[in-house]
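All remarks here apply to the structure that follows.
Numbering (my numbering), first residue to last: 1 to 114.
What follows is the structure, encoded as structure tokens:
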């Protein structure tokens, strides 16, 4: 149905691509893969949304550098929280504080609001 609707509208087909926790604790193994992913996205003129867990990315200047490179190429950086925790058991205030803290950190890393 979507393809038919897109064809009828005259708009070019689009796909939303999200990458969940793209930046992880396994930096040595992931650096080349992340660079290859960014290069492939560039070649295809595709933009992605990278959801990032703070505890995985903020512990490393390498992780922050990867986030900056992705952002500079036009990709979005999304807030996956401070840790891969069960957010359904958090109170509203705790949940809000967690999101605010990570967004403030990302603003410092990216030089803009995520």
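Ideal Cβ positions, reconstructed from N, Cα and C, are used throughout, including at glycine.
In the DSSP assignment, residue 78 forms a beta bridge with 51. By the Cβ test, the segment 93-100 is not in contact with the segment 61-72, since fewer than three Cβ pairs between them sit closer than 8 angstroms. Ranked by Cα distance from residue 75, the first of 62, 33, 47, 40 is 47.
About 6 angstroms separates the beta carbon of residue 81 from that of residue 87, a gap short enough to meet the 8 angstroms contact definition. Taking residue 112 as the centre and dropping the five residues before and after it, the same chain places no C-beta closer than 7 angstroms to its C-beta.
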